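Residue numbers (my numbering), protein chains in the order written: chain R, 1338 to 1682; chain S, 2 to 253; chain V, 28 to 435. What follows is a single structure, written as structure tokens, with notes after it.
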Amino acid sequence: MDLDAILLQVLNGLDKGSAYALIALGLTLIFGTLGVVNFAHGALFMVGAFCAVSLERLLTISQISIDESKTDFLGNPLEVETPYIEMWFGEAIGQGIIDWSVPLAILLTIPVMLIIGIAMERGLIKHFYKRPHADQILVTFGLAIVIGEIIKASFGATENPVAAPAALARVTDVGALVGADTINVTYPSWRLIYMAFAAVVIGAIFAFLQFTTFGMVVRAGMADRETVGLLGIDIDRRFTIMFAIAAVVAGLAGVMYVPIKPPSYELGMQFLVISFVVVVVGGMGSLPGAVAAGFLLGLLEAFASTEWAKDIIPGIDQIIIYVVAIIILLTRPRGLMGRKGVMEE
Amino acid sequence: MAILQVRNVSKRFGGLQALNDVNLSVEAGTVHAIIGPNGAGKSTLLNCFVGRLIPDTGTVMFDGKSLLGIKPHQINQIGVSRVFQTPEIFGDLSLLENVMIPTFANRDGAFKVNWWKRADRESDVQEHAEAVLQEIGLYEKRHEIADAMSRGDKRRLEMAMCLSQDPKLLLLDEPTAGMSRADTNATIDLLKRLSETRGLTKVIIEHDMHVVFSLANYISVLAQGTVIAENTPELIKGDPRVKEAYLGTEAE
Amino acid sequence: MFGLNRNDTLLLIFVAIITFAAPILMNPFPTESSLAQFNAGYPDLMQRFVIFGIFAIGFNILFGLTGYLSFGHAAFLGAGSYACVWMFKLFGYNVLPGIILSVIVAGILSVAIGYISLRRSGIYFSILTLAFAQMSFALAYSVLGQDMFGLQGGLTNGETGLQVYTSDPQIFHSEAAPNLPHLFGLPMRETWVWEYGAWSFQFNAGFYLCAIIMLVVFYMSIRIFRSPFGMMLRAIKTNQNRLNYTGVNTRPYALAAFVISGMYAGLAGGLLSAMDPLAGAERMQWTASGEVVLMTILGGAGTLIGPVLGAGLIKYFENIFSKINDAILEGWFAFLPETIGDAVVWVLHFFVGKGWHLTLGLMFMIVVIFLPGGLVGGLVQGAKRLFGGRRRKNAPPPSASPTSQAAE
Ligand SMILES: Nc1ncnc2c1ncn2[C@@H]1O[C@H](COP(=O)(O)OP(=O)(O)O)[C@@H](O)[C@H]1O
Ligand SMILES: [Mg+2]
């Protein structure tokens, strides 16, 4: 493998890893703060993705008019659909808005995920704090099925592609980007943006937990819930907010992922398994662990899917993540950065 | 003859020296009390006997065999049973089952796939378990679920579980903590009775001096991981170092 | 009888009667009636009832007794399926060797997976089993499905799935034997139809073979539940630590339970192939593991009959509920005023037909939230509340089994 090929796989790995890390971050946050194993987290990722689909659908609601000046091949006057948005804002701006519907959907995703997160925590998760982890897994697993089915009923069983803005739906010359002309790699621009986006979100979460009082209390709660409770701090309300934040993170990870993988109602379940593997490899409840494991597994997966790796071990691309998960769990019982005693009973 | 020999045992948790060069020897057939303020390392010491912790240095010999490096179930199988500081029982099972399980472990060893026979047809085990429950005064409640018991009953149940195994050495970690005076006295009577009828060796951790002085033949005082005094109860009572440890003179 | 106490014997006899009479009981509606679509008494579906019943009974021995939640049992189901088809390919269509091998193969695989996974507990165990099963799925789907060792299609024939070709050796295949799965000459497809009035009942050889096997393994699971071994497994669930300090080596107990349940899963997989000689990798996918979890929980984990009930319900919903479409709904609610009728149909249509998974998910959530003991646990609770008081007054509880609280 030459350097360019390696770089390409590094980018692939970072790309996958960004998504894994973002989902795992929220998952491990919920686990670390609330002590809840949330099997519906993949579904939250999916809901985020469908925010983009919904927004695009909303924006393209059209008025159907008959254009007498044109005819179809049977000679009938042609029906034309004009999105209302183009009628209101003019064609150029209207089309621009539609074109940018994925990034714009972020504005929709945040409130939607906040509401869903709060509703979910108050309505369901709250009642499961004291129940065994198996019960938490089961009820959220049921919820994941329900969410998936609601999506299916609303958006159909097929994939729902939404394109990235045209300006970003091309490839970037990575060499030029970093200013090294020895590098001769091009990479889809949107994927590079996704990485940057993930980095910003991850950075924001860490900064929030590190530098705000709220974050400090939550971190203390993660370390020792009972003591914080004894201090008379209303930790429950904060945990509700934490759950909502985790839901928002999952939703953001999902909404931006739409141009990379067109969402279908199965998306949640597809990402659920892998994100749990990531969390467990990183160590349940460890935020840096989730991020590290996300990128580690993303990179390993990328390199395992090269022909070079597949020639050495056939099928390695299919199983690498699970092999790594098994090895890490056996050699480091609590994952890469897990704390002692978490989830042992 | 000393049935339990503890030599130079030390254990560190990070920056905390929980046990510091502890020596102890427990004579067969006696009741050996370990007393000391909270956090002195008493439970930690017991943990080193039953395989929950492995000391950093030192040896623990029981009946001529080392207890270090073997698994908890092996330690139990050679005759050491423990009552924990917070009751450790099988909460979802009935009292009778709670006592049958250790009895099975005694009869069948650490592992046996005995899947064809009905548990309630194992009359030897069942009768033995019932007899032990009778002895400890829980027979009437034998079909109730352990989790539904009062705290005191849970402790007694745990004691019954240990006794059903006829251990050579019984370790009791604060068996009367949180009990009412009446329950405490009942427990003292029970333990006394056991000493008479079974003559088994006991190591007992206790805060309640009334309990300690009614039962113990010998006392070791542990403070900050070190045995600061050991003697017969009469002599320990007057020992100034013990008072100091309890009154908490902070001087090291 | 059978070395069981009175209640268990009654339960076994009850299940046996229901099972044997299933072709009649499941077909309550006359063939021509509009309700005939709710009949479940056709061979294919009834076979699934009992086969997935076996799967769930086995899963319950692990999860219900020890509390170890495996998300990887589909691997054993799939392995059993492949093993059975291989026996067809090599030796011929008699199902007996296939069924036996499927149990053995699943047993070996579960020793390996269980030995490693049981080094961890809690969610780590769940994820390890999930990882192993996903790995098995990926391997069966891709690598093991490529040509190897001169075998075209490898061990699993990849995406297409493993099936029997005329070019296969089938060395014990005789001319007299039927050219499809059979038991010593009795084809599994053989169905005797009994026309009774407007009804038509189908008695299928394959179904009865599965039913007999299910009753045998159900009986075995009752014995396990009531045995000292079962008691140890329940003790693992409540307090594994205590059990260790009680002189019991818990790891081999958990492994034994894991392997037994793995063999049940393999048996179920083998039977699936014996009924329909085709094995695909999707049987190993984690959704299949999830399905058996759903079945067990829905019916009631840790109860004897719960998993069978759960398996039956889910398979019934899958087949029958999913057939109800809007036209049928409209037929039902035609008596309502049109607008109300339309509204009702519109609401219901999300829950039936293609949307039956929604019903399943909701049902499942409701059970986990409100009935932690599953349907059977809920029934037992209800019954206790109804009859409990009276019984206590009349007589002390029979001194019978110490294991009575895991009853029914
Ligand atoms: N597993 C452990 N990890 C870290 N510190 C421990 C552990 N177990 C006990 N300790 C510490 O060791 C000291 C002795 O504890 P313990 O033996 O329980 O005291 P006690 O004499 O009250 O039974 C305490 O300060 C306790 O916090
Ligand atoms: Mg203590």
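For each residue, glycine too, the CB sits at the ideal point set by N, CA and C. As the structure is a prediction and not an experimental result, all values here were calculated from the model.
Check whether the Cβ of E251/S lies closer than 9 Å to any Cβ atom in chain V.
-> On the second sequence, residue 251/S is found 250 positions in, with the first residue counted as 1. Note that E251/S scores 42 on pLDDT, short of 50, meaning its location in the model is unreliable and no value can be drawn from it.
First and last residue of the uninterrupted beta strand (DSSP E) at N182/S = Along the second sequence, read from residue 1 onward, the residue named residue 182/S stands at position 181. Correcting the residue type first, residue 182/S is Arg in the shown sequence and not Asn. Segment 182 to 198 is the alpha helix (DSSP H) holding R182/S; no beta strand (DSSP E) there.
Can you name the residues that DSSP bridges to L25/S?
-> Against the second sequence, residue 25/S aligns to sequence position 24. V7/S.
So N87/V is in the alpha helix (DSSP H); what residue range does that whole segment cover?
-> As a first step, residue 87/V is located in the third sequence; it is residue number 60 there, counting from the start. Where N87/V is concerned, the enclosing alpha helix (DSSP H) stretches over 70 to 93.
Would you check if the stretch 379 to 386 of chain V and the stretch 346 to 356 of chain V touch, i.e. whether three or more CB-CB distances between them fall below 8 Å?
-> yes
Quick one: what's got a C-beta closer than 7 Å to I1657/R's C-beta in the same chain, skipping five residues either side?
-> If you number the first sequence from 1, residue 1657/R lands on position 320. L1637, E1638, A1641.
Length of the line joining the Cα atoms of Q432/V and T330/V = Your numbering for residue 432/V matches position 405 in the third sequence. Your numbering for residue 330/V matches position 303 in the third sequence. Caution is warranted here: a pLDDT of 39 is assigned to Q432/V, below 50, making its placement in the model unreliable, and the coordinate value is therefore given only provisionally. Q432/V and T330/V: Cα-Cα distance of roughly 9 Å.
For E235/S, is the beta carbon positioned less than 8 Å from some heavy atom of ligand 2?
-> Walking along the second sequence from the start, residue 235/S turns up at place 234. E235/S Cβ: outside cutoff for every heavy atom of ligand 2.
Are the C-beta of E435/V and some C-beta of chain S separated by less than 9 Å?
-> Against the third sequence, residue 435/V aligns to sequence position 408. Only weak support is given to the placement of E435/V: the predicted model assigns it a pLDDT of 39, under 50, and the value that follows is read from those uncertain coordinates. Chain S, which has no Cβ nearer than 9 Å to the Cβ of E435/V, makes this no.
Identify every residue that forms a DSSP beta bridge with Q18/S.
-> Within the second sequence, the letter at position 17 stands for residue 18/S. Beta-bridge pairing links Q18/S to R13/S.
For I1665/R, which residues from the same chain have a beta carbon less than 6 Å from its beta carbon, with the 5 sequence-adjacent residues on both sides left out?
-> Sequence index remark: in the first sequence, residue 1665/R carries index 328 (1-based). Closer than 6 Å at the Cβ level, and outside the excluded window around I1665/R, lie V1618.
Could you tell me if F63/S is buried or exposed, where buried requires 16 or more neighbouring beta carbons within 10 angstroms of its beta carbon?
-> The sequence position of residue 63/S within the second sequence is 62, counting from 1. Counting Cβ neighbours within 10 Å, F63/S comes out buried, since at least 16 surround it.
Residues in its own chain within less than 8 Å of L201/S by CB, not counting five upstream and five downstream?
-> Locating residue 201/S in the second sequence gives position 200, counting from the first residue. Excluding sequence neighbours, L201/S sits near G30, D167, P168, K169, L170, L171, L195.
Residues that Q190/V bridges to, as DSSP identifies them | To locate residue 190/V, count along the third sequence from 1; it is residue 163. BP columns for Q190/V point to L305/V.
Spatially closest choice to I1488/R from E1428/R, M1674/R, A1386/R, G1635/R, by CA coordinates | Residue mapping note: residue 1488/R aligns to position 151 of the first sequence, counting from 1. Measuring from the Cα of I1488/R, the nearest candidate turns out to be A1386/R.
Reduced DSSP secondary structure (H/G/I, E/B, other) of W1425/R = Within the first sequence, the letter at position 88 stands for residue 1425/R. Here W1425/R sits in helix by DSSP.
Compute the minimum distance between the beta carbon of K12/S and the heavy atoms of ligand 2, and state whether it is under 8 Å.
-> For this step, residue 12/S is matched to residue 11 along the second sequence. No, Cβ of K12/S sits at least 8 Å from all heavy atoms of ligand 2.
Since K203/S sits in a beta bridge, which residues does DSSP pair it with?
-> Mapped onto the second sequence, residue 203/S falls at position 202. Paired residues: V32/S, L171/S.
May I have the straight-line CA-CA distance separating L1333/R from K1467/R, to the nearest angstrom?
-> There is no way to answer for residue 1333/R, as the model of chain R reaches only from 1338 to 1682.
Taking only beta-carbon atoms, is A1646/R less than 9 Å away from chain V?
-> Taking the first sequence and counting its residues from 1, one reaches residue 1646/R at position 309. By this cut-off, A1646/R is not an interface position.
Note down the Cα distance separating M160/S from N186/S, rounded to an integer number of angstroms.
-> Within the second sequence, numbered from 1, the residue matching residue 160/S stands at position 159. Within the second sequence, numbered from 1, the residue matching residue 186/S stands at position 185. Whole-angstrom Cα-Cα distance: 15 Å.
Does the Cβ of Q86/S lie closer than 8 Å to at least one heavy atom of ligand 1?
-> Working through the second sequence from its first residue, we reach residue 86/S at position 85. Under cutoff, so the answer is yes.
Opposing strand residues paired with M62/S [DSSP bridges] = Indexing the second sequence from 1 puts residue 62/S at position 61. Q6/S, S67/S, per the DSSP bridge assignment.
What residues are listed by DSSP as bridge partners for Q229/V?
-> Sequence index remark: in the third sequence, residue 229/V carries index 202 (1-based). According to DSSP, which records beta bridges pairwise, Q229/V is partnered with V220/V.
Own chain, CB closer than 8 Å to L145/V, minus 5 neighbours either side, in chain order | Here residue 145/V refers to the residue found at position 118 when the third sequence is read from its first residue. Result list for L145/V: Y95, F152, R278, A281, L282, F285, in chain order.
C-alpha gap between Q229/V and L336/V, whole angstroms = Mapped onto the third sequence, residue 229/V falls at position 202. Mapped onto the third sequence, residue 336/V falls at position 309. Spanning the two alpha carbons is a distance of roughly 22 Å.
Under 9 Å, do V379/V and L356/V count as touching if we go by C-beta distance?
-> Within the third sequence, numbered from 1, the residue matching residue 379/V stands at position 352. Within the third sequence, numbered from 1, the residue matching residue 356/V stands at position 329. It is a contact, given that the beta carbons lie within the stated cut-off.
Among I1343/R, T1550/R, A1584/R, the one whose alpha carbon lies nearest that of I1462/R = Counting from 1 along the first sequence, the entry for residue 1462/R is found at position 125. Looking at the Cα atoms, A1584/R is the closest of the given residues.
Quick one: residues in its chain with C-beta nearer than 8 Å to the C-beta of S254/V, no 5 flanking neighbours on either side, listed in chain order?
-> Taking the third sequence and counting its residues from 1, the one referred to as residue 254/V is at position 227. Here the set comprises nothing.
Return the Cβ separation of L387/V and I341/V in integer angstroms, given the expectation that the two are a contact with Cβ distance under 8 Å.
-> By 1-based counting over the third sequence, the position of residue 387/V is 360. By 1-based counting over the third sequence, the position of residue 341/V is 314. Going by Cβ atoms, the distance from L387/V to I341/V rounds to 7 Å, so yes, they are a contact pair.
Let me know if N352/V comes out buried or exposed under the rule of 16 or more other beta-carbons within 10 Å of its beta-carbon.
-> Looking up residue 352/V in the third sequence gives position 325. Classification for N352/V: exposed.
Simplified DSSP assignment, three categories, for L213/V = In the third sequence, residue 213/V corresponds to position 186, counting from 1. Correct three-state label for L213/V: strand.
Residue from R156/S, C49/S, E136/S, W117/S whose Cα sits closest to the Cα of F91/S = Position 90 of the second sequence, counting from 1, holds the residue named residue 91/S. The residue with the shortest Cα to Cα distance from F91/S is R156/S.
C-alpha gap between I1443/R and R1394/R, whole angstroms | By one-based count along the first sequence, residue 1443/R stands at place 106. By one-based count along the first sequence, residue 1394/R stands at place 57. One C-alpha to the other measures close to 15 Å.
Rounded to whole angstroms, what's the CA-CA distance from D121/S to V32/S? Just pull it up for me.
-> Residue 121/S sits at position 120 when you count from the first residue of the second sequence. Residue 32/S sits at position 31 when you count from the first residue of the second sequence. Those two C-alpha atoms are separated by around 36 Å.
For N232/S, does the three-state DSSP call read helix, strand or coil?
-> In the second sequence, the residue the question calls residue 232/S occupies position 231. Of the three classes helix, strand and coil, the one that applies to N232/S here is strand, per DSSP.
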